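Numbering (my numbering), first residue to last: 24 to 660. Working notes, structure below.
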């Protein structure tokens, strides 16, 4: 599909990568990994033809369609969620306007015997036929299925896109991308704004996707579940293996160990040859032997060991002043967004030096309570900070808190005071912003680089309490480990919102689970919380749907009959969904054949009968799917 040959890109005289080559084939699901700033997002933009390389070529097979999920999106105001999602069907929407125009003319005109009227009927027939081939009668249902899979509710469909947060707008953009008939998908951090259920749904979608996928992600589990190939960008080179992430790391380590052993053996051989050359060179009888050894060494191809980029940021969070024993006191706190109540009568006492994790599904109020604690949003009830409390806040949507028109250095200088302004460059250096890097504009930084800058900026303000909302988003794995160690060594009070189990392990000593507008306290670390919930990981906890939750309540009331029926219906639903997917694929293949060679396709025996039968079977299956879904909802009520 895509052939990348000797591709090079440089910024400010330094190469991001130099003369890299690889080929992307159908069915490849590539995890593109590397440190923040290594060039992952840049490579995606090159593949999408947003950028041009300094040298090298990207050859694309004819008619290959590429879809790109960018980090920065811009929607037109005044469109509903459905309207925006329907933008994926540009040709179908254009054809709808043409059909409306033809139908309008046919309704108004009365010259039924005229040639022009007859032409309108022919046009209507041609347009209707092509509209059907393009999926015009199915796209609305497909759109609803994708939006529901990504976590939207039916009542969200007619809300305007500008009323949603950046994370939810990203989901709409992802829905548009998945609805298009792309041959290649380029996904830049697709899981950053998804909750666990939506991540699992996306995994299933991508595993059934027949085209090629290139994914930039720091979510190890997602990469392991989806990818079958890993390309790492490191120090301007790429390392390409047909393995998912974890197996890639194992193989990379084995290969490096083999290289080291081979290099040591070669060095011993070279040293032995050099000793012999030195010994024989002085003797005329051995001079030819010495020359032979010298030629052998000259021809020897020296074994190189793959180099790792081990540069990491240097992070330490100092405590400003010692606060009172009580950090925050919350009583009967509630918060609603319009008619939607997120938190109800919350009570919480946060004590000095405590390390607390907020966990639970997206939309349950974790970030809302964090914002209330730092005074960003209004609420009902009491929220009182203790004596001498100074809060440092790391927001989930860092891009909205940094000015893209400023340079890295200007951002830091503007945030500094007279006492620490002279240390700004030293602080930036410890966060891997060195030399000319500090003159880069914020708008050109990668997501991980912005997070590092936000962390550096935090250090310029005094604090003894840290409130961090999804701080690991965009950070590479090494940076995550540095951040975790710094937080473990932090002598103040910590509140962290996260879905990342690896990050939370050994970090906190108290967990609050957010669910159904309330919070529940667990006096222990995240492993204790998981043990109490009898779950192996967050995925099993957060995968539960609303129907599952309601069903579990009925199980507790010994309603085993409903439980059995629920499981049976879930199995039926899974079976029907599998049949729908298979039939939709077959119909799409026939539609493609019609587009490529209409006459040859319709000449097949009983073509139209078979084609219509498949469509009718699909309608029946869709009706079954709707009926089963309604039954499941009734059991949950």
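Even for Gly, the Cβ is constructed at its ideal location relative to N, Cα and C. Please read these numbers as outputs of a predicted model, since none were measured by experiment.
Backbone CA spacing between residue 361 and residue 209 [nearest angstrom]: Residue numbering aside, residue 361 sits at position 338 when the chain shown is read from its first letter. Residue numbering aside, residue 209 sits at position 186 when the chain shown is read from its first letter. Note on geometry: alpha-carbon atoms of residue 361 and residue 209 lie some 36 Å from one another.
According to DSSP, residues forming a beta bridge with residue 170: Counting from one through the chain shown, the residue named residue 170 turns up at place 147. According to DSSP, residue 170 bridges with nothing at all.
Whole-Å CB distance - residue 21 paired with residue 70, under 8 Å assumed: What is shown of the chain runs 24 to 660, which leaves residue 21 out entirely.
Local Cβ density within 10 Å of residue 628, reported as buried at 16 or more and exposed below that: Taking the chain shown and counting its residues from 1, the one referred to as residue 628 is at position 605. With fewer than 16 other Cβ atoms within 10 Å, it is exposed.
Unbroken alpha helix (DSSP H) run spanning residue 468, endpoints: Against the chain shown, residue 468 aligns to sequence position 445. Per DSSP, residue 468 belongs to no alpha helix (DSSP H) and is neither H nor E.
Ordered list of alpha helix (DSSP H) runs contained in the segment 224 to 259, each at least 4 residues: If we require 4 residues or more, the alpha helix (DSSP H) runs fully inside the segment 224 to 259 come out as 243 to 249.
DSSP-derived helix/strand/coil call for residue 111: The residue you call residue 111 lines up with position 88 of the chain shown. Correct three-state label for residue 111: helix.
Residue 654 and residue 592 closer than 7 Å at C-beta: Here residue 654 corresponds to residue number 631 of the chain shown, with the count starting at 1. Here residue 592 corresponds to residue number 569 of the chain shown, with the count starting at 1. Yes, the pair counts as a contact, with Cβ atoms nearer than the cut-off.
Run of the beta strand (DSSP E) containing residue 208, from where it starts to where it stops: The residue given as residue 208 occupies position 185 in the chain shown. 207 to 211 is the span of the beta strand (DSSP E), which, as asked, contains residue 208.
Contact belief for residue 180 with residue 170 at Cβ below 8 Å, rounded distance in angstroms: Here residue 180 corresponds to residue number 157 of the chain shown, with the count starting at 1. Here residue 170 corresponds to residue number 147 of the chain shown, with the count starting at 1. Residue 180 to residue 170, Cβ: 7 Å. Contact.
Residue 56 beta carbon near the ligand FMN (any heavy atom closer than 6 Å): In terms of ligand content, the structure shown is empty, and the ligand FMN therefore cannot be addressed.
Residue nearest to residue 77 in terms of C-alpha spacing, selected from 191, 108, 43 and 110: Here residue 77 is taken as the residue at index 54 of the chain shown, counted from 1. Nearest option by C-alpha distance: 43.
Per-residue DSSP class, three states only, for residue 74: Counting from one through the chain shown, the residue named residue 74 turns up at place 51. Residue 74 sits in coil when the DSSP states are folded into three classes, being neither helix nor strand.
Exposure label - residue 486; buried when at least 16 CB within 10 Å: Stepping through the chain shown from its first residue, residue 486 is reached at position 463. It counts as buried.
Of the listed residues 26, 47 and 65, nearest to residue 40 (C-alpha basis): Here residue 40 refers to the residue found at position 17 of the chain shown. Closest option to residue 40, Cα to Cα, is 65.
Coarse secondary structure for residue 96, derived from DSSP in three states: On the chain shown, residue 96 is found 73 positions in, with the first residue counted as 1. In the three-state reduction of the DSSP assignment, residue 96 falls in the coil class, being assigned neither a helical nor a strand state.
Within 7 Å, strictly: CB atoms of residue 403 and residue 357: As a working mapping, residue 403 is identified with position 380 in the chain shown. As a working mapping, residue 357 is identified with position 334 in the chain shown. Contact flag set, yes.
Beta strand (DSSP E) runs contained entirely in the segment 608 to 655, provided each spans 3 or more residues: No beta strand (DSSP E) of 3 residues or more sits fully in the segment 608 to 655.
Inter-residue spacing [alpha-carbon to alpha-carbon] between residue 75 and residue 81: By one-based count along the chain shown, residue 75 stands at place 52. By one-based count along the chain shown, residue 81 stands at place 58. Straight through space, the alpha carbons of residue 81 and residue 75 are spaced by roughly 10 Å.
Cα-Cα separation between residue 353 and residue 546, rounded to whole angstroms: In the chain shown, the residue the question calls residue 353 occupies position 330. In the chain shown, the residue the question calls residue 546 occupies position 523. The alpha-carbon atoms of residue 353 and residue 546 are separated by roughly 18 Å.
8 Å contact criterion, which residue 489 and residue 409 should meet: CB distance rounded: Position 466 of the chain shown, counting from 1, holds the residue named residue 489. Position 386 of the chain shown, counting from 1, holds the residue named residue 409. Contact between residue 489 and residue 409 does not hold, since their C-beta atoms are separated by about 15 Å, which reaches or exceeds 8 Å.
Helix, strand or coil at residue 303 according to DSSP, with G and I counted as helix: By one-based count along the chain shown, residue 303 stands at place 280. When secondary structure is reduced to three states using DSSP, residue 303 falls in the helix class.
Residues near residue 320 in its chain [Cβ-Cβ closer than 6 Å; skip 5 each side]: For this step, residue 320 is matched to residue 297 along the chain shown. Only 296 meet the Cβ criterion.
Cα-Cα separation between residue 225 and residue 288, rounded to whole angstroms: Numbered from its first residue, the chain shown carries residue 225 at position 202. Numbered from its first residue, the chain shown carries residue 288 at position 265. Annotation: residue 225 to residue 288 spans about 48 Å, alpha carbon to alpha carbon.
Residue 344 in three-state terms, based on DSSP: Position 321 of the chain shown, counted from the start, is the residue given in the question as residue 344. The three-state reading of DSSP puts residue 344 in coil, since its state is none of H, G, I, E or B.
Neighbourhood of residue 201 by C-beta, 7 Å cutoff - its chain only, sequence neighbours within 5 removed: As a first step, residue 201 is located in the chain shown; it is residue number 178 there, counting from the start. Spatial neighbours of residue 201 in its own chain (CB-CB distance under 7 Å, excluding positions within 5 residues in sequence) are listed in chain order as 169 and 228.
C-beta atoms of residue 381 and residue 520 nearer than 7 Å: Walking along the chain shown from the start, residue 381 turns up at place 358. Walking along the chain shown from the start, residue 520 turns up at place 497. For residue 381 and residue 520, yes; Cβs fall inside 7 Å.
Inter-stretch contact at 8 Å, needing at least 3 Cβ pairs: the segment 50 to 66 / the segment 462 to 472: In short, these stretches touch, since the Cβ pair count reaches three.
Neighbour-count burial assignment, residue 323, 16 or more Cβ in a 10 Å radius: Looking up residue 323 in the chain shown gives position 300. Looking at its Cβ environment, which holds fewer than 16 other Cβ atoms inside 10 Å, residue 323 is exposed.
Own chain partners of residue 372 with C-beta closer than 8 Å, once the 5 adjacent residues on each side are dropped: If you number the chain shown from 1, residue 372 lands on position 349. If we look at residue 372 and ignore the five residues flanking it on each side, its Cβ neighbours are 349, 351, 352 and 353.
Stretch pair the segment 140 to 149 + the segment 95 to 109: three plus CB contacts closer than 8 Å: No: fewer than three Cβ pairs fall under 8 Å.
Selected residue, minimal CA-CA separation from residue 117, among 157, 103 and 134: The residue you call residue 117 lines up with position 94 of the chain shown. Of the candidates 157, 103 and 134, the one whose C-alpha sits nearest the C-alpha of residue 117 is 157.
Contact belief for residue 20 with residue 483 at Cβ below 8 Å, rounded distance in angstroms: Residue 20 cannot be examined here, being either before or after the span of the chain that is shown, 24 to 660.
The alpha helix (DSSP H) enclosing residue 138, as first and last residue numbers: Counting from one through the chain shown, the residue named residue 138 turns up at place 115. Going by DSSP, residue 138 is part of the alpha helix (DSSP H) stretching over 138 to 156.
Delimiting residues of the beta strand (DSSP E) encompassing residue 42: Within the chain shown, residue 42 is the residue found at index 19, counting from 1. First-last of the beta strand (DSSP E) with residue 42: 37 to 47.
Distance between beta carbons of residue 498 and residue 241, contact taken as under 8 Å: Taking the first residue of the chain shown as position 1, residue 241 is located at position 218. Taking the first residue of the chain shown as position 1, residue 498 is located at position 475. Rounded to whole angstroms, the Cβ separation of residue 241 and residue 498 is 7 Å, and the two are in contact under 8 Å.
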